[in-house]
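Novice:
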Amino acid sequence: MDNKKQQLLELLKIHYGFDSFWPGQEKVIDNILAGLDTVVIMPTGGGKSLCYQLPALVLEGGTLVISPLIALMKDQVDGLSRVGIPATFINSSISQAETANRLAAVKQGQFKLFYVAPERFYSQEFLAALKNIKVSLFAVDEAHCISQWGHDFRPSYLKLKNVIELLGRPVVVVFTATATLEVREDIVKQLGLVGSSLVITGFARPNLQFGVINTQDSLKSRFVLDAIASAPDGSGIIYVGTRSRADELLQILLANNIEAVSYHAGMEAADRKWVQENFMAGQAKVIVATNAFGLGIDKRDIRFVIHYDMPGTIEAYYQEAGRAGRDGGPSFCLLLYSPRDRYLQEFFIKGDNPPPEIILEIYEILKNCESDTVLITYAEIAETLSDKLPEMAVGTSLKILERLGLIARSHDRVGQAYVKSKKSKVESQKLFTVKSKLQREIFERFLEKYEPELATGMYANLEDMAEILKTKKDSLARLIKKLVDFNLAEYVPPFRGTELKILKRLPAREVRLDVAALKYKLKHAYKKLDLMESYVYHFDCRQKYILDYFGERQARGCAKCDNCLVKNMDEAEKVRIAEKQKKRPTQLSTKLTQLETLELWNQDMSLEKIAQARGLTVGTIVGHLCFLAEKGLGVEIDKLVKPERQKKIMAAIKKVGLGKLTPIREVLGEEFSWDEIKLTLAKMRAGNE
1 MDNKKQQLLE LLKIHYGFDS FWPGQEKVID NILAGLDTVV IMPTGGGKSL CYQLPALVLE
61 GGTLVISPLI ALMKDQVDGL SRVGIPATFI NSSISQAETA NRLAAVKQGQ FKLFYVAPER
121 FYSQEFLAAL KNIKVSLFAV DEAHCISQWG HDFRPSYLKL KNVIELLGRP VVVVFTATAT
181 LEVREDIVKQ LGLVGSSLVI TGFARPNLQF GVINTQDSLK SRFVLDAIAS APDGSGIIYV
241 GTRSRADELL QILLANNIEA VSYHAGMEAA DRKWVQENFM AGQAKVIVAT NAFGLGIDKR
301 DIRFVIHYDM PGTIEAYYQE AGRAGRDGGP SFCLLLYSPR DRYLQEFFIK GDNPPPEIIL
361 EIYEILKNCE SDTVLITYAE IAETLSDKLP EMAVGTSLKI LERLGLIARS HDRVGQAYVK
421 SKKSKVESQK LFTVKSKLQR EIFERFLEKY EPELATGMYA NLEDMAEILK TKKDSLARLI
481 KKLVDFNLAE YVPPFRGTEL KILKRLPARE VRLDVAALKY KLKHAYKKLD LMESYVYHFD
541 CRQKYILDYF GERQARGCAK CDNCLVKNMD EAEKVRIAEK QKKRPTQLST KLTQLETLEL
601 WNQDMSLEKI AQARGLTVGT IVGHLCFLAE KGLGVEIDKL VKPERQKKIM AAIKKVGLGK
661 LTPIREVLGE EFSWDEIKLT LAKMRAGNE
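To convert, note that position 373 of the sequence shown is 373 in full-length UniProt numbering; the numbers rise steadily by one, no gaps.
1. Does the count of Cβ pairs from the region 92-103 and the region 30-45 closer than 8 angstroms reach three?
2. Report yes or no: do three or more beta-carbon pairs, one from the region 416-427 and one from the region 383-391, lie closer than 8 angstroms?
3. Answer yes or no: do Ala289 and Tyr239 have a C-beta to C-beta separation smaller than 9 angstroms?
4. Quick check on this structure: which residue in Pro311, Ile358, Asn368, Ile359 has the alpha carbon closest to the alpha carbon of Arg340?
5. Alpha carbons only, please: which of Phe114, Ala611, Arg154 is nearest the one belonging to Ser81?
6. Whole angstroms are fine: how far does the CA of Pro23 sit from the CA of Asp540?
7. Please name the residue in Asp301, Ala260, Tyr308 whose C-alpha comes closest to that of Ile287.
8. Quick check on Leu12: buried or exposed, where buried means 16 or more other Cβ atoms within 10 Å of its Cβ?
9. Nearest to Ile365 by CA position, among Leu344, Leu506, Ser230, is which residue?
10. When you compare the region 495-502 with the region 362-382, are there three or more beta-carbon pairs, one atom per stretch, that lie closer than 8 angstroms?
11. What are the start and end residues of the beta strand (DSSP E) that includes Leu249?
12. In whole angstroms, what separates the C-alpha of Leu336 from that of His307?
13. Classify Tyr545 as helix, strand or coil using the three-state DSSP reduction.
14. Taking the runs of the beta strand (DSSP E) that are 3 residues or longer, which of them lie wholly in the region 409-469?
15. Measure the C-alpha to C-alpha separation of Ile358 and Ser397 and round it to an integer number of angstroms.
16. Run the CB neighbour count on Arg509, radius 10 Å, all protein chains shown included, and call it buried at 16 or more, exposed below.
17. Hey, could you find the ends of the alpha helix (DSSP H) residue 726 is sitting in?
18. Could you pull the DSSP bridge partners for Val492 from this structure?
19. Say whether the region 341-351 touches the region 222-229, bearing in mind that this needs 3 or more beta-carbon pairs closer than 8 angstroms, one atom from each stretch.
20. Report whether the distance from the Cβ of Val667 to the nearest heavy atom of the ligand FMN is below 8 angstroms.
21. With a cut-off of 8 angstroms on the beta carbons, I'd call Lys655 and Val667 a contact; round off their distance for me.
22. Would you call the CB atoms of Lys134 and Gly61 closer than 9 angstroms?
23. DSSP has Val65 in a bridge; who is on the other side?
24. Which class does Glu499 belong to by DSSP, given the choice of helix, strand or coil?
25. Name the residue from Phe203, Tyr520, Gln216 whose alpha carbon lies nearest to the alpha carbon of Gln612.
26. Please return the same chain residues whose Cβ sits closer than 7 angstroms to the Cβ of Glu268, not counting the five positions on each side in sequence.
27. Given that a residue counts as buried once 16 or more other Cβ atoms are within 10 Å of its Cβ, and exposed if not, what is Val515?
28. What would DSSP say about Lys583, mapped onto helix, strand or coil?
29. Just tell me which of Arg665, Tyr343, Ser338, Val394 has its CA closest to the CA of Tyr363.
30. Which stretch, first to last residue, makes up the alpha helix (DSSP H) that contains Ile32?
31. Under the assumption that Leu431 contacts Leu488 (Cβ atoms under 8 angstroms), give the Cβ distance between them as a whole number of angstroms.
32. So what's Val171 in DSSP terms, helix, strand or just coil?
33. For His171 versus Ile187, is the C-beta distance shorter than 9 angstroms?
34. Have a look at Asp548, Arg553, Arg542, Thr662 and flag the residue whose alpha-carbon is nearest the alpha-carbon of Lys567.
35. Hey, which unbroken runs of the alpha helix (DSSP H) at 4 residues or more fall wholly within the region 641-686?
36. Name the residue from Tyr459, Phe486, Lys470, Leu476 whose alpha carbon lies nearest to the alpha carbon of Thr433.
Okay, here's the thing in structure tokens:
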């Protein structure tokens with residue numbers, strides 16, 4: 001064993017308390033020390049942070065960590081400080097002067113790691129300062145954000161390739177928990193990692209039990225309550241598709257005496273932080289959240305993750321579900337599905353894929369502005385368009401125009417207020433006479449922290465500033481208003497729109513918009529949604545379906561998901577549990593709801609009567625019958641779909657393939673229903689044709 005490896009093992013024990021590495025960690029660290037660029041696919045909770053934190057201690061220069069988790073950077077750095085590892089962070093929550101001080105400290109070797117938000121690389125001043133620092137390791141967290149085929153594409157990540165070159169090509173290591181082969185190849189291409197090594201520790205999470213319940217939207221909350229009751233000793237996350245759903249479900253949980261909180265991007269930073277801290281400390285058992293919550297969260301005792309609404313991709317689903325059971329303990333991941341879920345995701349897809357004519361129309365709107373610098377909101381642009389579009393589509397269009405080099409978006413002052421003191425610190429302290437003791441305390445902290453910047457004028461995000469001052473944004477805003485009233489400060493409130501700079505004013509015909517690529521991206525998004533929905537209707541092992549999606553073949557099923565449990569039951573067991581299920585109709589651990597439908601079907605009841613008797617939709621009952629037919633449990637499809645219509649459906653299926661419903665429907669036309677297609681597919685899969 002060489003000296004450096006021995007040193008690492010000693011540091012592993014000192015700082016982390018471990019005697020040996022987890023699977024994959026040693027290989028990644030060996031690659032880094034050998035100077036090899038490495039792409040790491042490691043599941044959530046697999047110990048990826050240690051892979052760059054530990055070698056950072058023995059490398060000569062600093063380790064730059066790219067992370068999109070601005071809200072969590074301080075917590076990550078504090079965690080490293082507690083185990084004796086010198087680290088810092090640089091993002092929009094600190095002033096320019098503080099940024100300069102921290103970069104100087106990194107240059108002097110006072111910090112071995114420094115976390116940076118990718119948005120900082122839009123600043124030429126920051127890049128110039130960074131160029132003078134010796135960076136030995138360039139670590140990229142959440143690397144799938146660089147790929148337009150990933151589920152969380154962020155344009156700021158596209159700056160990384162140039163930054164790597166600017167730094168003199170340090171060793172690069174990138175991490176993601178969920179990446180298909182296509183995304184992995186795109187990561188390598190976008191970062192220019194020629195000859196890089198690939199380390200995959202596997203996607204499987206054997207301690208997780210997966211299940212799906214196909215139900216009406218109005219009944220979802222009932223299943224949520226039952227799920228929470230089945231996990232009395234653990235905490236859980238419930239993911240919802242919209243902010244309004246988060247607030248609605250929270251009220252239902254609170255009304256049922258469940259200690260719950262909600263989290264979404266529409267909340268103030270201080271409120272989000274409070275919610276997160278309460279959940280992490282175990283003071284709230286359940287958190288209801290949009291996908292804004294979860295990245296970087298290291299709570300290891302989460303016993304369940306429920307998706308109240310179906311996500312748009314398998315990647316997003318598996319990453320969010322994977323936050324359960326990080327301690328290795330048994331945990332369950334439940335997806336509640338209703339047809340509304342697809343409509344919601346299609347709305348998001350349309351917002352993320354505006355048509356070419358809309359992109360060009362937005363460009364024309366901007367060109368019509370007299371100044372090259374435009375302050376405008378997405379809503380103002382949307383109101384000007386000939387077709388009504390969501391603001392999300394405006395944002396996507398601006399990103400595309402920016403990538404074409406036609407415009408530039410300012411990432412420094414959006415949402416930032418301008419504050420400048422009119423008096424010296426001593427004069428301000430003398431003249432600021434208020435009765436409120438709390439306001440006086442905030443005022444003193446405000447001056448103590450920001451006195452140098454206030455003297456020349458500073459731009460700041462009030463939410464971030466309030467968090468640093470350990471107060472609420474409203475309290476800080478009231479303080480600044482008082483300072484203005486006392487004539488102690490100048491203040492320009494934050495602009496909530498976007499600052500755009502028009503770089504080129506080209507005729508529409510000269511704009512090199514890749515229409516074919518835009519169409520492919522839209523088609524690709526629908527394909528991913530189809531594969532997500534196919535997971536819902538899948539009749540084989542759930543975990544195997546997910547692993548197959550990521551290219552990891554597994555011969556056997558997990559033996560614990562809802563499908564595997566039903567598949568492995570003998571007939572006597574199915575009958576026995578079916579009787580028990582009558583008393584507990586929302587039992588989560590098996591697919592027993594289909595067996596109840598089978599019992600009513602065998603009584604020659606129509607689809608409508610079965611749905612009425614069970615309080616479900618006809619579509620849900622059809623899903624049950626498809627499941628039962630494929631299992632060979634006596635459902636005659638000919639009673640539901642006429643043989644001549646089956647022949648036409650089968651012809652369409654043979655033309656486009658088995659797995660995707662949308663292309664089949666496109667071939668058949670609207671005279672054929674989705675239910676007819678699903679039932680015929682079930683018959684084909686069962687081998688009845």
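Idealized CB from N, CA, C, for every residue including glycine.
Remember, it's a predicted structure, so these values are computed and weren't measured experimentally.
Specialist: So, to answer that:
1. With the cut-off at 8 angstroms, the region 92-103 and the region 30-45 do not touch.
2. No: fewer than three Cβ pairs fall under 8 angstroms.
3. Taking C-beta atoms as the reference points, Ala289 and Tyr239 count as a pair closer than 9 angstroms.
4. For Arg340, the closest of Pro311, Ile358, Asn368, Ile359 by C-alpha to C-alpha distance is Pro311.
5. Among Phe114, Ala611, Arg154, the Cα nearest to that of Ser81 is on Phe114.
6. Cα to Cα, the separation comes out at about 29 angstroms.
7. The alpha carbon of Ile287 has as its nearest neighbour, out of Asp301, Ala260, Tyr308, the alpha carbon of Ala260.
8. Flag for Leu12 reads buried.
9. Nearest C-alpha to Ile365: Leu506.
10. Result yes; three or more Cβ-Cβ pairs closer than 8 angstroms.
11. Run containing Leu249: none in the beta strand (DSSP E); it sits in the alpha helix (DSSP H), 243-255.
12. Between the alpha carbons of Leu336 and His307 lies a distance of about 6 angstroms.
13. Three-state DSSP puts Tyr545 in a helix.
14. For the region 409-469, whole beta strand (DSSP E) runs of length 3 or above, ordered along the chain, are 417-421, 458-460.
15. Approximately 8 angstroms between the Cα atoms of the pair.
16. If you draw a 10 Å sphere on the C-beta of Arg509, you find fewer than 16 other C-beta atoms in it, and that means exposed.
17. Here the chain has residues from 1 to 689 only, and residue 726 is not among them.
18. According to DSSP, which records beta bridges pairwise, Val492 is partnered with Tyr418.
19. Short answer: they don't touch.
20. Although the ligand FMN was asked about, the structure shown includes no ligands whatsoever.
21. Right, their Cβ atoms sit about 6 angstroms apart.
22. Yes, Cβ-Cβ distance for Lys134 and Gly61 is below 9 angstroms.
23. BP columns for Val65 point to Tyr115, Ala139.
24. The answer is strand: DSSP assigns Glu499 an E or B state.
25. Across the set Phe203, Tyr520, Gln216, the C-alpha of Gln216 shows the shortest separation from the C-alpha of Gln612.
26. Closer than 7 angstroms at the Cβ level, and outside the excluded window around Glu268, lie Glu463, Lys473.
27. Per the 10 Å Cβ criterion, exposed.
28. Annotation note: pLDDT 47 at Lys583 (below 50); position unreliable, coordinate value reported separately. Three-state DSSP puts Lys583 in coil, outside helix and strand.
29. Restricting attention to Arg665, Tyr343, Ser338, Val394, the CA atom closest to the CA of Tyr363 is found in Val394.
30. Here the alpha helix (DSSP H) through Ile32 covers 25-33.
31. Rounded, the Cβ-Cβ distance is 6 angstroms, consistent with contact.
32. Correct three-state label for Val171: strand.
33. In the sequence as presented, His is not what sits at residue 171; that position holds Val. Val171 is not a Cβ neighbour of Ile187, given a cutoff of 9 angstroms.
34. The shortest C-alpha separation from Lys567 is found at Arg542.
35. If we require 4 residues or more, the alpha helix (DSSP H) runs fully inside the region 641-686 come out as 643-656, 661-668, 674-685.
36. Closest option to Thr433, Cα to Cα, is Phe486.
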